[in-house]
């Protein structure tokens, strides 16, 4: 079938199945609302094509040219995008199910409110892409590129972002709960209401990061570099900062209850008006640190270095509260057990 015949068939029926259109010139074609099943469009030119609300199943778009195409609300099921060029294309509200994005370029593309389920992202280029409210749960994104991408309110729960360079990304309100970010580079990143609950950030670079109202509960920051980080009103309850470097970091009005800082370097760090109750600072170096106005109730500080530390207005351990917190109810008496003082 030729490109002209395909255009005619699609114009008449808005559907095409079991066709090979490899290398076809469909630039600017109107495929809005069309259904393409088992169609090969490998190497085809679909630049500026209108694929709005189209339904593509078992289609090959390998090495296809999709630059500036309009694919708003399109559905792609088991579609091969490997090596495709989709720079500047619009995939707003598009749904991708089990698609192959190996080597695909979505540079500067719009993927606003799009959803990618079970897709392969090896070597995928999202540089400068708009991924506002994009969803890609439990995906392996470790081999993708996100330079300058907007991930505002993106839902990336459970994704593998190990080793990723996210320094230039907009991570405002991005949800990365349970994500793997081992060795990731977020230096100087702005984490405005970003959620990293339960995320794995071992050995990550967070130097100079600026976090506001961020959620770090149960996250793991062991051996991470947080030197110079500024964290305002964040919640890092039960987070693990063991062996982390956080010299000159600033934590203001943040909830850090039951957080662990064993052997962390906190020289000249500022924890002002924070809640460090039940935290563990064992073997941590807190030389010249400032804990002014902070709650240190039930703080564990075995071997903690506090040379020159400021403790103005701190709340020390409250013995009455500590007893109440450790209170355990008496074991229930067996029904057949004799009452106290009763004859045996």
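Numbering (our numbering), first residue to last: -7 to 336. Glycine residues also receive a C-beta, built at the ideal position from the N, C-alpha and C atoms.
Rounded straight-line distance, which links the Cα of residue j to that of residue i
| i | j | result |
| --- | --- | --- |
| residue 140 | residue 151 | 19 Å |
| residue 52 | residue 13 | 10 Å |
| residue 102 | residue 275 | 49 Å |
| residue 200 | residue 218 | 7 Å |
| residue 20 | residue 27 | 17 Å |
| residue 343 | residue 269 | Outside the shown range of the chain (-7 to 336) lies residue 343, about which nothing can therefore be said. |
| residue 88 | residue 15 | 23 Å |
| residue 206 | residue 116 | 28 Å |
| residue 73 | residue 91 | 7 Å |
| residue 296 | residue 247 | 20 Å |
| residue 197 | residue 179 | 6 Å |
Beta-carbon proximity of residue i to residue j, cut-off 8 Å
| i | j | result |
| --- | --- | --- |
| residue 204 | residue 235 | no |
| residue 343 | residue 251 | The first residue shown for the chain is -7 and the last is 336, placing residue 343 beyond what the model contains. |
| residue 127 | residue 107 | yes |
| residue 34 | residue 59 | no |
| residue 9 | residue 32 | no |
| residue 131 | residue 111 | yes |
| residue 121 | residue 86 | no |
| residue 304 | residue 284 | yes |
| residue 176 | residue 193 | yes |
| residue 124 | residue 97 | no |
Top-ranked residue by Cα proximity to residue i, from the options
| i | options | result |
| --- | --- | --- |
| residue 137 | 253, 100, 210, 303 | 100 |
| residue 223 | 232, 176, 264 | 264 |
| residue 44 | 132, 84, 170, 303 | 84 |
| residue 290 | 318, 280, 281, 282 | 318 |
| residue 156 | 114, 210, 70, 79 | 114 |
| residue 191 | 230, 316, 0 | 230 |
| residue 39 | 11, 77, 5 | 77 |
For residue i, the residue or residues it bridges with in DSSP
| i | result |
| --- | --- |
| residue 223 | 203, 243 |
| residue 166 | BP columns for residue 166 are empty, so no partner. |
| residue 29 | 9, 49 |
| residue 109 | 89 |
| residue 212 | 192, 232 |
| residue 287 | 267, 307 |
| residue 97 | 77, 117 |
| residue 292 | 272 |
Entirely enclosed alpha helix (DSSP H) segments - the segment 124 to 191, minimum 4 residues = none
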